[in-house]
Amino acid sequence: MCGICGIVGFAEVGSIKNMTHSLAHRGPDDSGVKIFNSGNVALGHTRLSILDLSALGHQPMTDTEGRFWIT
825 MCGICGIVGF
835 AEVGSIKNMT
845 HSLAHRGPDD
855 SGVKIFNSGN
865 VALGHTRLSI
875 LDLSALGHQP
885 MTDTEGRFWI
895 T
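Residues in the sequence shown are numbered from 825 upward in steps of one, following my numbering.
And the structure:
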């Protein structure tokens with residue numbers, strides 16, 4: 825099972841990393857954080873690699889143009 829978290833408002837790197845770390849039990853195999861340039865939005869993700877063991881499953885992930893992000 826994976827874990828996701830996010831901040832809307834004032835996004836600070838320490839806060840989103842702490843939130844993501846607290847979800848490590850939900851997905852101990854990988855984690856990622858993305859803070860957007862505006863500093864108003866941040867996404868965090870932890871992953872349990874059951875089906876996709878490759879780095880292609882790393883999240884948050886973006887489209888090829890870097891316009892859209894998902895977690």
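Cβ coordinates follow ideal geometry from the N, Cα and C atoms, glycine included.
- Each of Phe860, His849 and Ile874 was checked against the Cα of Ile840, and the nearest Cα belongs to Phe860.
- Along the length of the stretch 837–894, whole beta strand (DSSP E) runs at least 3 residues long occupy 854–859 and 865–871, reported in chain order.
- Under the DSSP assignment, Gly833 falls outside any beta strand (DSSP E); it carries neither an H nor an E label.
- Counting every other CB atom within 10 Å of its CB across the protein chains shown gives Leu875 a total below 16, marking it as exposed.
- Shown here for Phe892: same chain residues with a beta carbon closer than 8 Å to its own, the five before and five after excluded, namely Thr886 in chain order.
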